[in-house]
Structures are given as structure tokens and as C-alpha cells.
Amino acid sequence: MTKDVFFMRRAIGLARRGVGRVHPNPLVGAVVVKGGRIIGEGAHEKFGGPHAEVCAIGSAKANPAGSTLYVTLEPCDHFGKTPPCTDFILQKGVRKVVVAAKDPNPLVSGKGLRRLRKKGVRVVTGVLEKEALELNKDFRHWIRKRMPYVTVKVAQSLDGKIATRTGLSRWITGREARLWGHQLRAFSDAVLVGVNTLLKDDPRLDVRLPKGREGRQSAPARVVLDSSLRTPPQARLFSKGTRGPVILAVTKKAAKKRIGLFKGKAEILWVKEKGGRVDLRSLFEMLGKRGIVRVLIEGGGETIASAFAERLVQEAYFLIAPKILGGRKAAPSVGGKGAGTLKEALSLDKVEARFLGKDLLVHGSIA
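Last residue of the sequence shown: 1508 in the numbering used here, with the numbers rising by one and none dropped.
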């Protein structure tokens, strides 16, 4: 392992401190090295807060002049919520900058590197680039499409059921799998369910993680697809102690007289209708414009089927419990019309599988 790889790996680890709190900015970590040792390090940990380069250089325990800065993403060269990082790097006399990946935004990509080179700073790029790009795959998708990066999480039995024939679903999977599910929520900007799931399960949809777990402070928005506004005002979604704004996505079918019931509790978001339901693509376009980069869909089967059918999903996580529920009337994990032929079936790419306790997690990107 070269020293550049060693220090960049540390920077990538630091970048994860911002999980669930920096979007619509990317995750970025930075390390300052002088004389072969780390003298400062930092990460972009909150949207609107200082960038990783500023945190790292600012924390330096020695004069950063003549040092090498390792950063997971190209330093910015424009004014936004904060001044350009390139200015700060030049002011502090950093001699060399090692960058994992260029900024994916075509409007600014390469500008920061050109500025540093023009001012005499030695610039090296591409160190652990693949890992750095993977770290911000959701951000890169949002930059290109202005649509959220959509993930689906399903907790099902071995025979593909998400509830018994009587509608009971707590709990199909074990504690470890459920804890991992909260971690996945923490990585997201919004958690989405259909109103039928809300009515049957009455979920809180917030993040509940033990102290010390990555993403514990995250508070993603909680979105309910509710074309007719059937959500009960007393739902646990609104209970004291839950965190994260609530968005009720409705259509023209929503009863106007019920809107006042949610004053101070939820935002009513009017969305186009498609086939009698909330148009998912239109909703995601609206969420993307709000800076929501990553959406997690948790159910139910019809909502998940609609997202798959519209080709809106980038990744899927299936948690499979070693239980067989059976029953023609038991709800399947993916509903809808379904594939008519095997050629129409969705396939997963880059498939990974591992156990969480007794439950099997199968994960892949949508091919």
C-alpha cells in the first residue's frame, strides 16, 4: 500500500461522518500530512457547515505551510454557502493536493484543480477514485438527473410474503436486520411508504439507532403516498419524540376539508395523478428540486411495484427471513401486474449477499 492510498483511505473513512446530514452536498473527507504524519483531518459534516478541507487544515496541530492535503473530492472554486476552498488552501500554503475524484457537476468540474495548478500547487488525481465515486453515487445521480437516487428495502419471508394472511407483519425479520434497516434510513434524505402501509402498520418511519452508531442523528423526511388524504391525524408518524418532517403527497382527489387536520403536523404536497394514484415520477422530480438526493422506499408491495415498473429504482435490498408464511391472501413483497415473460423481469447487478443474524440480506443495483 502506497502512502497516498493509506492517507486517502483515512479521508474516505472521515467522509462518512456526514452521512444523512450533508445532502444536497456530497460526502467529503480530508487529511493534512506533513513530514509523513497526519497533522489535521476533518469532514464536511453538515449542510451549510465548513467543508472538509477547511476543517482539516483548521485543525492542523502544526503549520500547514508546505503540507500535503488529501481530499476525497475536488476542492470547490466558487462561492456557495461557504467561500471557495481553493482560496483557503492557497492562503495556508499547502504545497500538494491529492484528490480522489473530480467534482461530478459539469458546471464546476476541473475548475478547482486548474486554479490550484495555475497557482503552483502540485495536484495528483485518481487515488482511490473508484471508492470515492461509490461513496457519492447518489449525489452523482442527483447532479445528472436532478432526481433522487432511489433505493428499495423489503423485509420478507422465504416465500416472498411481507405479512400473514391476517395482515400481521411484526416482526418477520430479527433484531439485527431491523437495526440494519434503521441504518439504511439514516443514510437517506427521505423514507417513503404508501398510505396502505401506514394504515396497516402505523410506522413512525424515523431513525432509531443506539448511541455511537453512524447516522444516529439523521432525521430524514417521512413521505406518505396518499392520493385521497386518508392518513389519520393521530398516526404514530406524528407522535411526540419522532424526528423528521412529514410530507403527505396527495392528488386532486384529496378531501379539502381534511387539510386543516394536519396544520403544524405535515406538509401537504400536491402532485399530479396517474392511474388514480400519485405520479411517482412527478413526485421524485419535486423532491429532487428540494435537494432530496436519496429516497428509501419501504413499502408496501404496490408502491414498490409501481417504482420498479416506472424504472425509478437504482438499488434494492431484500431482507429474507427463514420463515414460510404461505397463503394466497398473504401480501407479496412486490405486487402490481408483474412480468409477463422472463425477459420482462428486472435483474439485479453487482449482487451481494450476507447474513444479519438468521436473516439473509441480498443487495444489488438494478440492471
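Ideal placement from N, C-alpha and C gives every residue a C-beta, glycine not left out.
Just list the residues that DSSP pairs residue i with in beta bridges.
i, result
"Lys1175", "Arg1178"
"Lys1302", "Pro1473"
"Val1391", "Trp1411"
"Ala1494", "Val1503"
"Gln1297", "Ile1461"
"Leu1489", "Ile1507"
"Ala1331", "Ala1362, Val1436"
"Thr1292", "Leu1437, Glu1456"
Taking just the CA atoms, how far does residue j sit from residue i?
i, j, result
"Glu1194", "Asp1279", "21 Å"
"Arg1371", "Lys1404", "15 Å"
"Glu1443", "Ile1303", "12 Å"
"Val1434", "Arg1157", "16 Å"
"Pro1374", "Thr1314", "29 Å"
"Ala1152", "Ile1180", "13 Å"
"Pro1463", "Pro1224", "53 Å"
"Gln1491", "Ala1508", "The amino acid occupying residue 1491 in the given sequence is Lys; Gln does not appear at that position. So the two alpha carbons sit approximately 9 Å from each other."
"Ala1197", "Val1264", "18 Å"
"Leu1231", "Ser1329", "35 Å"
"Gly1401", "Val1365", "17 Å"
"Lys1413", "Val1419", "6 Å"
"Pro1361", "Leu1269", "29 Å"
"Val1334", "Gly1234", "50 Å"
"Ser1250", "Leu1274", "14 Å"
"Phe1147", "Arg1495", "27 Å"
"His1323", "Met1149", "28 Å"
"Lys1406", "Phe1379", "7 Å"
"Gly1199", "Arg1287", "33 Å"
"Pro1165", "Val1212", "19 Å"
"Trp1321", "Lys1260", "46 Å"
"Leu1424", "His1219", "31 Å"
"Ala1201", "Leu1437", "38 Å"
"Gly1170", "His1185", "7 Å"
"Lys1381", "Val1332", "18 Å"
"Pro1205", "Lys1175", "7 Å"
"Arg1236", "Pro1289", "38 Å"
"Gly1190", "Pro1216", "15 Å"
"Ser1488", "Thr1227", "43 Å"
"Glu1451", "Ile1445", "10 Å"
"Gly1385", "Ala1296", "23 Å"
"Leu1346", "Ala1203", "45 Å"
Give every residue of the same chain whose Cβ lies closer than 6 Å to the Cβ of residue i, excluding the five residues on either side of it in the sequence, and list them in chain order.
i, result
"His1504", "Tyr1458, Glu1493"
"Asp1367", "Val1336, Leu1389, Val1391"
"Pro1245", "Arg1281, Ile1284"
"Ser1359", "Gly1161, Ala1327, Val1348"
"Lys1187", "Arg1162"
"Ala1396", "Leu1370"
"Ala1486", "Ala1480"
"Leu1501", "Ile1461"
"Glu1408", "Ile1388"
"Val1291", "Val1436, Leu1453, Val1454, Gln1455"
"Pro1473", "Gly1301, Gly1442"
"Arg1256", "Asp1218, Thr1227"
"Asp1145", "Val1239, Val1268"
Which same chain residues end up closer than 7 Å to residue i when comparing Cβ atoms and leaving out the 5 residues on each side of it in sequence?
i, result
"Pro1167", "Leu1214, Asn1277, Phe1280"
"Arg1258", "Val1264"
"Asp1300", "Ile1465, Leu1466, Gly1467"
"Arg1399", "Leu1370"
"Ser1298", "Ile1313, Ala1462, Lys1464, Ile1465, Leu1466"
"Glu1426", "Met1288"
"Lys1222", "Gly1189"
Which residues mark the beginning and the end of the alpha helix (DSSP H) in which residue i is found?
i, result
"Gln1324", "1316–1327"
From which residue to which residue does the beta strand (DSSP E) around residue i run?
i, result
"Lys1352", "Per DSSP, Lys1352 belongs to no beta strand (DSSP E) and is neither H nor E."
"Leu1366", "1362–1366"
"His1340", "As written in the sequence, residue 1340 is Leu, which differs from the His given in the question. First-last for Leu1340: 1336–1342, but that is the alpha helix (DSSP H), not the beta strand (DSSP E)."
Is residue i near the ligand NAD, judged by its Cβ being under 7 Å from some heavy atom?
i, result
"Gly1479", "Inclusion of the ligand NAD in the displayed structure is not the case, the ligand content being empty and no account of it being possible."
Who are the near neighbours of residue i in its chain, counting only those whose CB is closer than 8 Å to its CB and skipping five residues on each side?
i, result
"Lys1499", "Gly1315, Ala1462, Pro1463"
"Thr1470", "According to the sequence provided, residue 1470 is Lys. The question's Thr does not apply to it. The answer, listed in chain order, is Arg1306."
"Arg1311", "Asp1342"
"Lys1118", "The requested residue 1118 does not occur in the structure, where the chain is confined to residues 1142 to 1508."
"Val1262", "Ile1230, Leu1231, Val1235, Arg1236, Lys1237, Val1238"
"Ser1447", "Arg1418, Leu1421, Gly1477"
"Glu1317", "Leu1497, Gly1498, Asp1500"
With 8 Å set as the bound, which would you pick, yes or no: does the beta-carbon of residue i sit closer than that to a beta-carbon of chain B?
i, result
"Arg1306", "Although the question refers to chain B, the structure presented lacks it and comprises just one protein chain."
_Which complete alpha helix (DSSP H) runs does the stretch 1233–1278 hold, if anything under 4 residues is left out?_
Taken in chain order, the complete alpha helix (DSSP H) segments of 4 or more residues contained in the stretch 1233–1278 are 1252–1259, 1270–1276.
*Fully enclosed by the stretch 1414–1476, which alpha helix (DSSP H) runs are 4 residues long or longer?*
Taking only runs of at least 4 residues, the alpha helix (DSSP H) segments lying wholly in the stretch 1414–1476 are 1421–1430, 1442–1450.
*What beta strand (DSSP E) runs, 3 residues minimum, are completely inside the stretch 1143–1226?*
Within the stretch 1143–1226, the complete beta strand (DSSP E) runs of at least 3 residues are 1170–1175, 1178–1184, 1209–1214.
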